[in-house]
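>
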Amino acid sequence: MPTFNTNTTWLAQPSGSCCLKGSLHEGNSRGRFITIAGIETYISEPASNANGHILLYFPDVWGMFPNGLLVMDAFAEAGYLVLGLDYFRGDPVWKHRRDRHDHSNPDFDYEAWKQKHMAFADEAVPRWVDEVRRTYGRSSTKYACVGYCFGAPYVCDELAKSTVTAGAFAHPAFLTDSHFENITKPLMLSCSAEDHTFPQEARRTALDILESGNKIYQLQLFSGVTHGFALRGDMNNPYERMICGVRNMADTMKTQYGLYKSASLKLTCLLRTQRSTYFPNSTSTIMASAKAFDFAGETAIVTGAGSRMPGEIGNGRATAILLARQGAKVALVDYNVEWAQETKRMIDEEGGISEVVQADVTDEESCRNAVAKTVELFGTVHILVNIVGVGGAMGDVTKLDLTAWERDFKINVTSMVLMSRHVVPEMRKNGRGAIVNMSSVSGLLGGNPSLLYPTTKGAIIQMTRAMAAQHGPENIRVNCVCPGMVFTPMVRGRGMTDKMRQDRINQNLLKQEGTAWDVGYAIVFLCSKEAKWITGLIMPVDGGVSNSFPN
Numbered sequence: 001m002p003t004f005n006t007n008t009t010w011l012a013q014p015s016g017s018c019c020l021k022g023s024l025h026e027g028n029s030r031g032r033f034i035t036i037a038g039i040e041t042y043i044s045e046p047a048s049n050a051n052g053h054i055l056l057y058f059p060d061v062w063g064m065f066p067n068g069l070l071v072m073d074a075f076a077e078a079g080y081l082v083l084g085l086d087y088f089r090g091d092p093v094w095k096h097r098r099d100r101h102d103h104s105n106p107d108f109d110y111e112a113w114k115q116k117h118m119a120f121a122d123e124a125v126p127r128w129v130d131e132v133r134r135t136y137g138r139s140s141t142k143y144a145c146v147g148y149c150f151g152a153p154y155v156c157d158e159l160a161k162s163t164v165t166a167g168a169f170a171h172p173a174f175l176t177d178s179h180f181e182n183i184t185k186p187l188m189l190s191c192s193a194e195d196h197t198f199p200q201e202a203r204r205t206a207l208d209i210l211e212s213g214n215k216i217y218q219l220q221l222f223s224g225v226t227h228g229f230a231l232r233g234d235m236n237n238p239y240e241r242m243i244c245g246v247r248n249m250a251d252t253m254k255t256q257y258g259l260y261k262s263a264s265l266k267l268t269c270l271l272r273t274q275r276s277t278y279f280p281n282s283t284s285t286i287m288a289s290a291k292a293f294d295f296a297g298e299t300a301i302v303t304g305a306g307s308r309m310p311g312e313i314g315n316g317r318a319t320a321i322l323l324a325r326q327g328a329k330v331a332l333v334d335y336n337v338e339w340a341q342e343t344k345r346m347i348d349e350e351g352g353i354s355e356v357v358q359a360d361v362t363d364e365e366s367c368r369n370a371v372a373k374t375v376e377l378f379g380t381v382h383i384l385v386n387i388v389g390v391g392g393a394m395g396d397v398t399k400l401d402l403t404a405w406e407r408d409f410k411i412n413v414t415s416m417v418l419m420s421r422h423v424v425p426e427m428r429k430n431g432r433g434a435i436v437n438m439s440s441v442s443g444l445l446g447g448n449p450s451l452l453y454p455t456t457k458g459a460i461i462q463m464t465r466a467m468a469a470q471h472g473p474e475n476i477r478v479n480c481v482c483p484g485m486v487f488t489p490m491v492r493g494r495g496m497t498d499k500m501r502q503d504r505i506n507q508n509l510l511k512q513e514g515t516a517w518d519v520g521y522a523i524v525f526l527c528s529k530e531a532k533w534i535t536g537l538i539m540p541v542d543g544g545v546s547n548s549f550p551n
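In full-length UniProt numbering, the protein residues as written are 1 to 551.
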């Protein structure tokens, strides 16, 4: 663990005032205190279902307080011999400050307290683990470890060594890049969506490190709670009780101890990997490796998220459904609420998360309100997909209705400027973002009988390139998709004979009809972390039409 000083670059920040809040729980612990390697240690033994394995417990700044003891007892109930060391040596933070509002001891120096106990823990934990292994270990014993807040770095340290087989931490503190780079064993991260100690951007960086290193990990992310939820949640709050009782909830809601048992099973089962590899005598759950195109924790805005025909799939609807399917929370922005509600119904059926946000994207105040509503609903914005567009006014320069030209230019181009204007500041707060603008092969090739449509679609292409250059240094990526002659509700609505439809298909190299799903998948890719080094791209999604057009 790195020495605690002001020059350290932290991913999970040192424990702060958020670590001084929470609820004390009721219950009688059943373990006892012993001394191991000169350090007071809580030991809790399984009653009758011992699995022969040992779980090492690294406490948060509250030390050996009732909540922690009950959690350790619950792990023991799951079959482990549980040992938790008191590296605070009887000096937990609650002896000085009962909560973040308690300043009854004006001489208490929280920063000095952290430095003192971290220095001792850095030295004590390795020799304590060695002594546990010598005293309690057998040739068949497997070791797991869990840590909360202050204890998280010691979990990572052990996962970089040879003793421990798998580990987990909840609402971590004091973590640097190297903690994630050095681990060689499976790690479970249990985090709250809102955590000033380990915020979203830090989590994303940590996951990028784990993925680039091909580490085995699993992320468990809870909304609606904050730092400390796993140990100091409010048992009088139904949602926080539910989090503790996610597994076997019906059986474990009956008693306070049952809730702790469920919480331990939730972590314990995720620590276990294939039976033959890590915990031969335990129920098996395979740890997940890095998941491609995982949008968990991401918030996206999709404009034009509805479709004009019931049950039909347009570009906006397809994109919204696919993003939600991959785990994103999606704001469905559309002028027509009923169209967007149908998209939400489809997402709901798949178990996704979305909300309808009514907006006129040609009006700046409406765009500002749509972004603000999204932030109110989901906390932030990471992704903007600008899809709203119309075929627009017809005619050449001599016949074009200029009022219609100005109206449709605002719909096709200015709307993207207005939405981006109010989304980019939110992306800056996150230190990253992805914007995808929808153009058309008509913007690449021209040749469209309309003047308005190819002109606006061409403008979107150049606007995308300019935005990519302007916002690239802010880690905000801006890309563009250019669909070809896909068959969408907008196309169907214009009226089309079977022959016209087949003629369109015959123009592409693949001789296949494209759909909104094809466009949606391209957009999802450009929004994903897998495309993190792609910006300023103008991507045709056209079956090769743009490649064959000159011939």
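For each residue, glycine too, the CB sits at the ideal point set by N, CA and C.
Assuming the contact rule is C-beta atoms closer than 8 Å, PRO483 and VAL541 should be a hit. Round their C-beta distance to whole Å, please.
Translated into the one-based positions of the sequence shown, residue 483 becomes position 483. Translated into the one-based positions of the sequence shown, residue 541 becomes position 541. Right, their Cβ atoms sit about 5 Å apart.
> Hey, quick one: how far does the beta strand (DSSP E) through ARG32 stretch, first residue to last?
By one-based count along the sequence shown, residue 32 stands at place 32. Taken as a continuous stretch (DSSP letters only), the beta strand (DSSP E) holding ARG32 covers 32-36.
> Quick check on the burial criterion: 16 or more other C-beta atoms within 10 angstroms. Buried or exposed for HIS471?
Position 471 of the sequence shown holds residue 471. Label assigned to HIS471: buried.
> Could you check if THR9 is buried or exposed, using at least 16 other CB atoms within 10 Å of its CB as the buried criterion?
Counting from one through the sequence shown, the residue named residue 9 turns up at place 9. The residue in question, THR9, is exposed, as its Cβ has fewer than 16 Cβ neighbours within 10 Å.
> When you compare only the Cα positions, how much space is there between ALA466 and HIS53?
Position 466 of the sequence shown, counting from 1, holds the residue named residue 466. Position 53 of the sequence shown, counting from 1, holds the residue named residue 53. Straight-line Cα distance between these residues: approximately 59 Å.
> Just reading off the beta strand (DSSP E) that residue 552 is part of, what are its end residues?
Beyond the ends of the chain as shown, which are 1 and 551, falls residue 552; an answer cannot be given.
> Measure the C-alpha to C-alpha separation of TYR217 and HIS382 and round it to an integer number of angstroms.
On the sequence shown, residue 217 is found 217 positions in, with the first residue counted as 1. On the sequence shown, residue 382 is found 382 positions in, with the first residue counted as 1. Computed Cα separation, rounded: 23 Å.
> By DSSP's criteria, ALA144 is part of a beta bridge. Which residues make up the other side?
Within the sequence shown, numbered from 1, the residue matching residue 144 stands at position 144. Answer is LEU55, ALA166, bridged to ALA144.
> To the nearest angstrom, how far is it from the Cα of GLY351 to the Cα of ALA206?
The count along the sequence shown starts at 1 and reaches residue 351 at position 351. The count along the sequence shown starts at 1 and reaches residue 206 at position 206. Rounded to whole angstroms, GLY351 to ALA206 spans 27 Å at the Cα level.
> May I ask you to list the residues that DSSP assigns as paired with ALA300?
To locate residue 300, count along the sequence shown from 1; it is residue 300. DSSP output for ALA300 lists VAL330, ILE383 as bridge partner(s).
> Determine, using beta-carbon pairs with one atom in the region 526-545 and one in the region 433-450, whether at least three such pairs fall under 8 Å.
yes
> Looking only at DSSP bridge pairs, what is SER44 linked to?
For the purposes of this step, residue 44 is taken as the residue at position 44 of the sequence shown. VAL82.
> Pull up the distance between the alpha-carbon of ILE183 and that of GLY213, whole angstroms please.
In the sequence shown, counting from the first residue as 1, residue 183 sits at position 183. In the sequence shown, counting from the first residue as 1, residue 213 sits at position 213. Answer to the nearest angstrom: the Cα atoms are 9 Å apart.
> Between the region 66-75 and the region 39-51, are three or more C-beta pairs nearer than 8 Å?
yes
> State the DSSP-derived secondary structure class of SER23, mapped to helix, strand or coil.
The count along the sequence shown starts at 1 and reaches residue 23 at position 23. Note: SER23 maps to coil in three-state DSSP.
> Are ASP348 and ALA340 closer than 8 Å when you measure CB to CB?
Indexing the sequence shown from 1 puts residue 348 at position 348. Indexing the sequence shown from 1 puts residue 340 at position 340. The answer is no: Cβ separation not under 8 Å.
> ILE209: which of LEU231, MET235, ASN237, THR176 sits nearest, CA to CA?
Your numbering for residue 209 matches position 209 in the sequence shown. Of the candidates LEU231, MET235, ASN237, THR176, the one whose C-alpha sits nearest the C-alpha of ILE209 is THR176.
> For THR362, tell me which candidate among THR303, GLY395, ARG345, LEU402 has the shortest Cα-Cα distance.
To locate residue 362, count along the sequence shown from 1; it is residue 362. Answer by Cα proximity: THR303.
> Would you identify the three-state DSSP class for GLN512, choosing helix, strand or coil?
Translated into the one-based positions of the sequence shown, residue 512 becomes position 512. Correct three-state label for GLN512: coil.
> For THR165, count neighbouring Cβ atoms within 10 angstroms of its own Cβ and tell me buried if that reaches 16, exposed if not.
Here residue 165 corresponds to residue number 165 of the sequence shown, with the count starting at 1. Burial call: buried.
> What's the gap between the Cα of ILE505 and the Cα of ARG308?
The residue you call residue 505 lines up with position 505 of the sequence shown. The residue you call residue 308 lines up with position 308 of the sequence shown. Approximately 23 Å, taken between the alpha carbons.
> Can you give the beta carbon distance from SER192 to GLN220, rounded, assuming they're within the 8 Å contact cut?
Working through the sequence shown from its first residue, we reach residue 192 at position 192. Working through the sequence shown from its first residue, we reach residue 220 at position 220. Contact annotation, SER192 with GLN220: C-beta distance approximately 10 Å; criterion of less than 8 Å not satisfied.
> Helix, strand or coil, according to DSSP, for ILE460 in the structure here?
For this step, residue 460 is matched to residue 460 along the sequence shown. If DSSP states are grouped into helix, strand and coil, ILE460 belongs with the helices.
> Give me, in chain order, the residues of the same chain whose beta-carbon lies closer than 6 Å to that of TYR154; leave out the 5 immediate sequence neighbours on both sides.
Working through the sequence shown from its first residue, we reach residue 154 at position 154. The residues are PHE58, VAL125, GLY147.
> Less than 8 Å separating the beta-carbons of SER23 and ASP234?
Your numbering for residue 23 matches position 23 in the sequence shown. Your numbering for residue 234 matches position 234 in the sequence shown. Contact flag set, yes.
> How about ALA170 and ALA230: are their beta carbons less than 8 Å apart?
Residue mapping note: residue 170 aligns to position 170 of the sequence shown, counting from 1. Residue mapping note: residue 230 aligns to position 230 of the sequence shown, counting from 1. Cβ atoms of ALA170 and ALA230: closer than 8 Å.
> Roughly how many angstroms separate the alpha carbons of GLY151 and ASP60, rounded to a whole number?
Within the sequence shown, the letter at position 151 stands for residue 151. Within the sequence shown, the letter at position 60 stands for residue 60. Per the coordinates, the alpha-carbon of GLY151 lies some 6 Å from the alpha-carbon of ASP60.
> So, using beta-carbon positions, are THR343 and ARG317 closer together than 8 Å?
By one-based count along the sequence shown, residue 343 stands at place 343. By one-based count along the sequence shown, residue 317 stands at place 317. In terms of Cβ geometry, THR343 and ARG317 form a close pair [threshold 8 Å].
> Are the beta-carbon atoms belonging to VAL129 and TRP113 less than 8 Å from one another?
Position 129 of the sequence shown, counted from the start, is the residue given in the question as residue 129. Position 113 of the sequence shown, counted from the start, is the residue given in the question as residue 113. For VAL129 and TRP113, no; Cβs fall outside 8 Å.
> On the DSSP letters alone, give me the boundaries of the beta strand (DSSP E) that VAL481 sits inside.
Start at 1 with the first residue of the sequence shown, and residue 481 comes out as number 481. Segment 476-483, the beta strand (DSSP E) holding VAL481.
> Should residue 564 be labelled buried (16 or more other beta-carbon atoms within 10 Å of its own) or exposed?
The shown model of the chain, from 1 to 551, leaves out residue 564, and the question about it has no answer.
> Does the distance from the C-beta atom of ASN51 to that of TYR87 stay below 8 Å?
For the purposes of this step, residue 51 is taken as the residue at position 51 of the sequence shown. For the purposes of this step, residue 87 is taken as the residue at position 87 of the sequence shown. No; because the gap between Cβ atoms is not below 8 Å, this pair is not in contact.
> Pick from GLY84, MET416, MET438, PRO14: whose alpha carbon is nearest that of ARG32?
As a first step, residue 32 must be located in the sequence shown, where it is residue number 32. Checking every option, the nearest Cα to that of ARG32 belongs to GLY84.
> Check each candidate in THR135, ALA12, ASP109 and name the one with the smallest Cα separation from ALA37.
Counting from one through the sequence shown, the residue named residue 37 turns up at place 37. Selected option, being the one with the closest Cα: THR135.
> Reducing DSSP to helix, strand and coil, say where ASN547 ends up.
Here residue 547 corresponds to residue number 547 of the sequence shown, with the count starting at 1. ASN547 falls in the helix class under three-state DSSP.
> If we count the other Cβ atoms within 10 Å of its Cβ and call it buried at 16 or more, is LYS532 buried or exposed?
Position 532 of the sequence shown holds residue 532. Around the CB of LYS532, fewer than 16 other CB atoms lie within 10 Å, so the residue is classed as exposed.
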